[in-house]
Each structure stands twice: as structure tokens, then as C-alpha cells.
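What follows is a set of notes on a single structure, which appears directly below.
Protein chains: 4
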Amino acid sequence: MIVLNGGSSSGKSGIVRCLQAVLPDPWLALGTDTLIDVMPASLQTSEGGIAFAPDGGVSVGPEFRALEAAWTAGVAAMARAGARVVLDEVFLGGADSQQRWRKALGDLRVLWVGVRCDGAVAAGREVARGDRIVGMAASQAEAVHRGVVYDLEVDTTRAESMECARTIAARVG
Amino acid sequence: MIVLNGGSSSGKSGIVRCLQAVLPDPWLALGTDTLIDVMPASLQTSEGGIAFAPDGGVSVGPEFRALEAAWTAGVAAMARAGARVVLDEVFLGGADSQQRWRKALGDLRVLWVGVRCDGAVAAGREVARGDRIVGMAASQAEAVHRGVVYDLEVDTTRAESMECARTIAARVG
Amino acid sequence: MIVLNGGSSSGKSGIVRCLQAVLPDPWLALGTDTLIDVMPASLQTSEGGIAFAPDGGVSVGPEFRALEAAWTAGVAAMARAGARVVLDEVFLGGADSQQRWRKALGDLRVLWVGVRCDGAVAAGREVARGDRIVGMAASQAEAVHRGVVYDLEVDTTRAESMECARTIAARVG
Amino acid sequence: MIVLNGGSSSGKSGIVRCLQAVLPDPWLALGTDTLIDVMPASLQTSEGGIAFAPDGGVSVGPEFRALEAAWTAGVAAMARAGARVVLDEVFLGGADSQQRWRKALGDLRVLWVGVRCDGAVAAGREVARGDRIVGMAASQAEAVHRGVVYDLEVDTTRAESMECARTIAARVG
């Protein structure tokens, strides 16, 4: 199992697709975006669910947390059932978020990867993508790494997704 | 847990979104489309993975099957961990596909729902959607229901998604 | 040239894709959604541009209007240069919006088509689609037809997109 | 009017969105992708239309060419009617494609911008995006610039979209 953690527009999803292309075995790509997609529309913009403020702030409520806990248990079960899984996460709670996953994954072998990107560069890419609320990249760039411990870190400020994926793949298997 | 089974363009996804809106508790919406989305691009068009023929035929290979088995175990684990899950499935193998899910879900309470749609009508909707290979709707309309046993059946040929969702919701909880 | 006018979630886009499939010659599909897509993100949610209220209301400002006027002139020029164009419009201003297009299209041969859908049914389809602000369908269902004159009207409340497309195609050429 | 020309996955669309964000006036973003989107599905994969080979090759037929000519005339008309337009093009025919646009745009003031990207880097980004046929980036990286004359060139191999957009914006108005 590979867990990537990084802020919005840091380039995690691009790295994940490159990883799926360069790793010899097939890997499932799951993550925060998948979870939000499968939630009810009402939780995608509410106090009990996940709310995106116009300035890029993100807050998460109790109903979101409850579904997230079950989701986490299910993802761990997929890995235990033999699936190779690369997780694309945004640790809004920093070290606490990592601790939550660490507990759920238990004795599974995990490669923890930090995906860094300079906040100003990520903010520019956020505008270039055109499908994200402007402000998320800047507000998350540092915060999501607070207290998190990695086996490996990559920085997309200057490195391409494919190059980062190759660095990560070299540490797998 | 609710499992919807029906052919491509039979209207399952619309019913799922309406179910998420009308059911009082939050439900996760998972299914075949989610699984395909999280697979490597290489498995989305290959012999080992899932292949879509120009005439709408779909074939599935051993690598797809292996990941699908782990996925199935993980979805069951999410439900056991307390998540309400509505599954949006295409039972390409008919009764065998149902048996596979039945085994994975074990003692979980499941409502099995058949989503029917006249093949010619589904074929027209496939053209109207514009994002599906033309031919899938017609070839799956009958085949996916072969030997499958339901608690409830809805028919979108003449009923709206919202109406079908209300019928299903009335049987839940 | 074919101009379809109808409220949000009345089924216009589905009819357009079916028209493109059943008409013997190739037709370009343009419309309000295309225009919004090509505008700057800043105009997609602002007072000078187009703003979508949480209750489904839509308001349009002066900068949007200016670009729209140039867009309209350009679409008319495409048709004059020989392109067959099917327009997918939401006449927020009713008869005034039609008058604006009538003036731009001048002597071009136009088939004006009203796409009706019962407001409650369109509201249900809006939920089923999951990608529209809930409330637009209901608020536009009647308003967009006010004072508009048609050569032909179709009603998607009970008719499929393909059936409506065939009715329209029979009047073309 | 601004015309950007570059190969697939060279980063044009990102630059366009950044341009729309940094330029003080509102600009419409049109281009090859818009045209393909509004064509009938049948022309998107056929000999008469546009065909994408599995190796990334692109071929264009007579029916596509006819609609493209009318489209070009219409875009020029939008600009003459006062719209600021930034065009995102792939000059598959190199200098000939530029000549075709030059003729259509006549006396309009145009800034011709070449968007370069190293072929290997663009090929990596193509994998990272995950929504393009692999091979297009490599086959177009050089070919689309053959014989084309620019007012300005940017290179996304090492520069961010936002930085390129600022360079271009400095030459406008």
C-alpha cells in the first residue's frame, strides 16, 4: 500500500496516474476525492458533511466523519484481501489524520509519501486547472504536512509527475 | 445495503442520486463505474482488464476479476463498519454475479432491486447521453437479469428516476 | 438552423445529441452552456457575469451581455458560412431573448422549437442528474416560454429524447 | 485576439485559464477542443470527421474540414463584433493551418504565440492527465510548429502556466 499526502493542487493525482502506469502490477487508486464523489450531494456542501468556503477553507462535520471511518475500514479490507492500493489523501488534520489511517491499516506494509509543492506554485496550478476553488492550494500547502512522518518525500515544484512516480516506484516491491 | 442491478443506460445512476436525496440518512453510492474509475488506465481497455467492443460488448479478464474480488470484500467491510451503501451494479454474469455478491455480503441485510428498461428505450437514452458506446444498452437490457432474484423491481421505461427512488425508499428502514 | 428553447433539465441536450445522430448531415451543437464554458471563471459566478443563486435563480450582468452579443453574431456568421447549427438555449428573458436571436439570424431559415417539461418532473430529473443547482428546473419551466413563438413544440414529460428528435428531424430539410 | 499553438499536453489550456484570470478584461476561450465537442459524435471517430489512432496519430476528413471552415469564419465574426478571443489551437498542418487562420482573421490584431514543450516531458504529462490517448503529445510536439511564425514563444518544459500567461499578458493591450 502506498499513501500519498499533500495539499490541493500539489500534483498527487497526476503522480497516482503515472504510478499506475509505471508499476508492473495493477494498483487501485483511491482517496479523498473518491470518498467525496460517492457521498450524497447534500453532504458535499453542508455543516454535517464537508463544506468548502469561498476562500478555500475546508471544514468537515460529524456525518462526514462517520462515513469516512467506515470507508477507511473498507479500504483497509481491500488491501487485506489482496488489492494493491495507492491512496491519494489530504491530511487536513496533519499528524492526527495519519494516526487514524495508521490504526486502520494495522500491520499492512505501507509506504508513506509526502507530496510537497511550494504554495505559490500550487496556487498558480489551481488557477490553471480551473476546476478548484481558488485558495485551497495556498491554505493547505503547509498545513497538511504538520507532524506527519514519511518514508519518502517528493516535491512537484520543479519535478514532473512522472519523475516523482518513478522515484516512488523504485521504493516499492 | 441496497443493490441495484440493471443494464447500461437503464437509469440506475439517476435512481441512486435520487435515493441519496430522499433517504433520511446519508448513503454511500458505490458500484461498477466506481471500480472501473479507480483501476489503472491500462486495465480499462485490455484483455486482462475490461474491454469495450465497438458493438457494445464487454469482456472482463483475470486481472480485473482479481481486483474486483478485493473491491467486493472492501465494500462489504464498509457496510459492516456501519456505512449505508447503495450499490449500482451491472451483473454481466447474471445469477453468477449475484451469487458472488451474496457470498461477500454474508449476513448483511440487503435489498435486491432489479432496474428494468425496455431495450429500445435504453438504446435511445444511450444516444441522448452521448458518453457511452452505442450498443451496450441493447446488449445488456435482458442479459443482466438472467436468473437474478429480486426483492423489488422497478421499470424506468415509463417511470421517472425520482418515482423509482421513492418506491425503493419506502422499502428501506 | 434549429433553435431549441426550454428550461434547465427539460431535456434539450439529450434531444440535441439525438438530432445530431438522426439527421443525415453533420450539425454543430452550440448553446448557452457552450458560451458559459468559454467565459472566464470569474464571470461564471459574479455580478458582472452570470450568477447562480442557491435557490436556482440566475442573474446576468453587463459583461456577460456584451460577450453574449458578440457570441450571437459569431454563431449567425457560422450558419451564414454554411454550417448547420442546432442551438440549445434558455430564453431567460422569454420573448425578448427570442427577439434578440431573431435579429441576429436575420434572413437565415430557422426552425423554432419549444421544449416543454412539467416543472415537477424536470425538478426530479435535476436531482437525478446531480450536476445542477436544485431549483433551476422549477423556476425556469414556465418562464422561458413566456411570449415565445414556435414552429413546433415537443414535451419531454412523457416522450423520450429520441422520439422528440425524430419529430423535429421530420420538419427539417 | 490571441492565438496559442502547441501540441497536445503542451499546457495550452492551463495557460488559457491563467490568461483569463490575469487579463483585466473578460476574454472568451475557444479552440480545437471546443470545435470537437460541438461536432456530432459520429464525426468524432470517423474517416469523414476526426479520427484518433491508438498510437496518437490524428487524421481529419472532408466533413470535419467543412464545419471547421464555417467555425473559423464565425470565430472571426465574434472578434469583429467586439469579443476578445484567446484561441487554443493545434496546427496539425503547421504553416498551412496558420495561413488558414490568418486569412480568416484578416485585419484583426492578432498576437501569435507558440507554446513549446519538450516531447518527452509532454508525454509524461499526458500519462499524468489520464484523459488523452497516449502518443499524441510525442507525435505533435514538433510537427505543429513547422513553418509557423510567432510574435512570442513560451516553453512550458520548465515554466509554470501562470508564468507563461503573465509573459503573454504583458504583450497585450
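Chains L, A, Y and E, in that order, are what the protein sequence lines are.
1244 is the number of the first residue of the first sequence in this note's numbering; add one for each residue after it.
1244 is the number of the first residue of the second sequence in this note's numbering; add one for each residue after it.
1244 is the number of the first residue of the third sequence in this note's numbering; add one for each residue after it.
1244 is the number of the first residue of the fourth sequence in this note's numbering; add one for each residue after it.
Glycine residues also receive a C-beta, built at the ideal position from the N, C-alpha and C atoms.
This one's a predicted model, so the numbers in the text were calculated from it and none came from an experiment.
Boundaries (first-last residue) of the alpha helix (DSSP H) holding residue i
i         : result
E:Phe1307 : Pro1305 to Arg1323
Y:Trp1344 : Ala1338 to Leu1348
A:Leu1278 : Thr1275 to Val1281
A:Arg1409 : Ser1404 to Ala1412
A:Val1370 : Gly1362 to Arg1372
A:Ser1382 : Met1379 to Gln1383
Within chain E, the residues that residue i reaches when beta carbons sit closer than 7 Å
i         : result
Y:Val1318 : Gly1317
Any chain L beta carbon closer than 8 Å to residue i
i         : result
E:Val1358 : no
Under 7 Å from the C-beta of residue i: neighbouring residues of chain Y
i         : result
A:Gly1373 : Arg1260
A:Met1405 : Gly1367, Val1370 and Ala1371
The beta strand (DSSP E) enclosing residue i, as first and last residue numbers
i         : result
A:Glu1332 : Val1328 to Glu1332
L:Ala1294 : Ile1293 to Phe1295
Y:Gly1254 : It is not in any beta strand (DSSP E) - Y:Gly1254 carries neither H nor E in the DSSP assignment.
L:Arg1401 : Taken as a continuous stretch (DSSP letters only), L:Arg1401 belongs to no beta strand (DSSP E), as it is neither H nor E.
A:Arg1359 : Leu1354 to Arg1359
E:Val1246 : Ile1245 to Asn1248
Residue-chain proximity (residue i, chain E), Cβ-Cβ < 8 Å
i         : result
L:Val1301 : no
Y:Ala1324 : yes
Chain-ordered neighbours of residue i on chain L, where CB pairs are closer than 8 Å
i         : result
E:Ser1251 : None at all; the shortest Cβ gap to chain L is about 16 Å.
Within chain A, partners of residue i - CB distance below 8 Å
i         : result
Y:Ala1264 : Val1370
Within-8 Å CB hit, residue i to chain A
i         : result
L:Leu1271 : yes
L:Trp1344 : no
Within chain L, the residues that residue i reaches when beta carbons sit closer than 9 Å
i         : result
A:Ser1285 : Gln1263, Ala1264 and Pro1269
A:Thr1277 : Thr1277, Asp1280 and Val1281
A:Trp1314 : Leu1271, Met1321, Ala1324 and Ala1326
Proximity test, Cβ basis, 8 Å: residue i and chain Y
i         : result
A:Val1397 : no
A:Gly1257 : yes
Residues that residue i contacts on chain A, provided the C-beta gap is smaller than 9 Å
i         : result
Y:Val1364 : Glu1403 and Met1405
Per-residue contacts from residue i into chain L (C-beta, under 7 Å)
i         : result
E:Gly1378 : By Cβ distance, chain L contributes nothing, its closest Cβ being about 13 Å from E:Gly1378, past 7 Å.
Partners in chain Y for residue i, counting only beta-carbon separations shorter than 8 Å
i         : result
E:Glu1306 : Pro1269
A:Gly1274 : Those within 8 Å of A:Gly1274 in chain Y number zero; the least Cβ separation is about 14 Å.
7 Å Cβ cut-off: residues of chain A touching residue i
i         : result
L:Leu1310 : Pro1269, Leu1271 and Ala1326
Amino acids of chain E, ordered along the chain, whose beta-carbon sits closer than 8 Å to that of residue i
i         : result
L:Gly1336 : None at all; the shortest Cβ gap to chain E is about 27 Å.
Decide if the stretch 1307 to 1321 of chain Y is in contact with the stretch 1389 to 1397 of chain A; the criterion is three or more beta carbon pairs, one per stretch, under 8 Å apart.
no
Would you be able to state if there are at least three C-beta pairs under 8 Å between the stretch 1331 to 1341 of chain L and the stretch 1260 to 1277 of chain L?
yes
Using 8 Å as the Cβ pair cut-off and three pairs as the minimum, do the stretch 1299 to 1314 of chain Y and the stretch 1277 to 1291 of chain Y touch?
yes
Measuring CB atoms only, is the stretch 1375 to 1384 of chain E touching the stretch 1288 to 1307 of chain E, in the sense that at least three cross pairs come out at less than 8 Å?
Yes: at least three Cβ pairs fall under 8 Å.
Is it the case that the stretch 1336 to 1345 of chain Y contacts the stretch 1344 to 1356 of chain E, given that we only count it when at least three CB pairs across the two stretches are under 8 Å?
Judged by pairs of C-beta atoms under 8 Å, the stretch 1344 to 1356 of chain E does not touch the stretch 1336 to 1345 of chain Y, as fewer than three such pairs exist.
Is the stretch 1286 to 1294 of chain A close to the stretch 1255 to 1267 of chain A, with three or more CB pairs under 8 Å?
no
Count Cβ pairs between the stretch 1246 to 1253 of chain A and the stretch 1361 to 1370 of chain L that sit closer than 8 Å; are there 3 or more?
no
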